[in-house]
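Peer 1: Heads up, the working numbering is the position in the sequence shown plus 4, with the first residue counted as 1.
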Amino acid sequence: MPESSTTIDITYPDPKTARSIMDAISPDNLDAPEGIDIDAKVEGSKLKISISCSRGIGSLLSTADDLLSCIQAAEKAIGETEK
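Right, here's the structure in full:
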């Protein structure tokens, strides 16, 4: 199967928030199945996530969807602690 890849860039109000979100989702990245590589980094206040997948476009889309769900949960959790 050909390799597919995508990059997700999310800009936050400040670098601290971007780093907190990255730290919150990082444990999930360690458990990525074989054939899926996930790299997350913070550049300024931007969280950049790169996903490469040799398991087909369906697996790439599922992985991106799972990550976005984790990011949304982390954003809600961080938002609750900042109130």
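Don't be surprised by glycine CBs; every beta carbon is placed ideally from N, CA and C.
Give the straight-line distance between the Cα atoms of L64 and D41, rounded to the nearest whole angstrom.
Peer 2: Rounded to whole angstroms, L64 to D41 spans 10 Å at the Cα level.
Peer 1: The beta strand (DSSP E) with A36 in it runs from where to where?
Peer 2: Run containing A36: none; DSSP gives neither H nor E here.
Peer 1: For T15, collect the residues of the same chain with a Cβ closer than 7 Å to its Cβ; drop the 5 residues on either side in sequence, then sort them by chain order.
Peer 2: Closer than 7 Å at the Cβ level, and outside the excluded window around T15, lie S49 and K50.
Peer 1: In angstroms, rounded to a whole number, what distance separates the CA positions of D70 and S8?
Peer 2: Approximately 16 Å between the Cα atoms of the pair.
Peer 1: The beta strand (DSSP E) that contains D13, what's its start and end?
Peer 2: First-last of the beta strand (DSSP E) with D13: S8 to T15.
Peer 1: Only counting the same chain, and skipping five residues up and downstream in sequence, which positions put a Cβ closer than 8 Å to that of T10?
Peer 2: Counting only Cβ-Cβ distances below 8 Å, and skipping sequence neighbours, we find S54, I55, L64 and A68.
Peer 1: Tell me which residues share the same chain as P19 and place their Cβ nearer than 7 Å to its Cβ, disregarding the 5 neighbours each side in the sequence.
Peer 2: Within the same chain, P19 has close Cβ partners V46, G48 and S49.
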